[in-house]
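>
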Amino acid sequence: MIDRADFLARFGGVFEHSPFIAERAFDAGTVALPLTAAGVHAALVEAFRTASEAEQLGVLRAHPDLAGRLAIAGELTEDSRNEQAGAGLDRLSPAEHARFTELNTAYTEKFGFPFIIAVKGLNKGDILAAFEARIGNTAAAEFETAKTQVERIALLRLTAALPGE
Numbered sequence: 006m007i008d009r010a011d012f013l014a015r016f017g018g019v020f021e022h023s024p025f026i027a028e029r030a031f032d033a034g035t036v037a038l039p040l041t042a043a044g045v046h047a048a049l050v051e052a053f054r055t056a057s058e059a060e061q062l063g064v065l066r067a068h069p070d071l072a073g074r075l076a077i078a079g080e081l082t083e084d085s086r087n088e089q090a091g092a093g094l095d096r097l098s099p100a101e102h103a104r105f106t107e108l109n110t111a112y113t114e115k116f117g118f119p120f121i122i123a124v125k126g127l128n129k130g131d132i133l134a135a136f137e138a139r140i141g142n143t144a145a146a147e148f149e150t151a152k153t154q155v156e157r158i159a160l161l162r163l164t165a166a167l168p169g170e
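Quick note on numbering: the sequence shown equals residues 6 to 170 in our numbering.
#1: Would DSSP call ASP32 helix, strand or coil?
#2: Specify, as a first and last residue, the run of the alpha helix (DSSP H) that ASN128 falls within.
#3: Using C-beta distances below 6 Å, list every residue in its chain close to HIS68, excluding the 5 sequence neighbours before and after it, in chain order.
#4: Mapping DSSP to helix, strand and coil, what is THR55?
#5: Tell whether a beta-carbon distance below 8 Å holds between GLU147 and PHE116.
#6: Roughly how many angstroms lie between the CA atoms of PRO99 and ALA43, to the nearest whole one?
Written out as structure tokens, the structure reads:
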């Protein structure tokens with residue numbers, strides 16, 4: 006069995022700035038050996054989905070804006086920086102950056118958390134289209150969509166961390 010400290014060191018950052026998810030998953034005994042992306046993901050998602058709504062909102066709020074001020078300042082986590090760069094968000098034109106900034110502000114004002122999307126395999130046009138479509142959602146629908154996207158991001162990160170499945 007992997008010990009708690011090793012598990013937290015490896016997977017504590019899978020849910021952005023929310024190590025309590027990995028702590029609860031480990032403490033619940035839902036992590037099975039051998040460690041696989043699917044198995045660890047299932048344990049982490051269970052911990053996330055059983056967290057309180059306020060805790061889930063905290064996880065959503067821990068995510069950075071896409072192409073936002075943290076990216077500009079170079080203050081993203083390594084995972085977020087790589088994910089955003091892979092989608093071309095580090096190479097926006099001034100007009101594209103202005104549109105992302107406008108949407109980020111409107112979205113956060115409407116929903117109380119940043120726009121979250123698993124960007125792997127998407128380009129900036131795909132992301133802008135999703136942004137523009139989702140900003141019309143109800144608060145309840147977008148809360149569920151954002152949680153699903155956080156879970157997808159976690160799976161992508163785990164698949165990269167636990168190759169060979």
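Cβ atoms here follow ideal geometry from the backbone N, Cα and C, with glycine treated the same way.
Once the coordinates are examined:
#1: ASP32: helix per DSSP, three-state reduction.
#2: From DSSP, ASN128 is part of no alpha helix (DSSP H); its letter is neither H nor E.
#3: Excluding residues within five positions, the ones whose Cβ falls inside 6 Å are GLU21, PRO119, ILE121.
#4: Reduced to three states, the DSSP call for THR55 is coil.
#5: Yes, the Cβ-Cβ distance between GLU147 and PHE116 is below 8 Å.
#6: Annotation: PRO99 to ALA43 spans about 39 Å, alpha carbon to alpha carbon.
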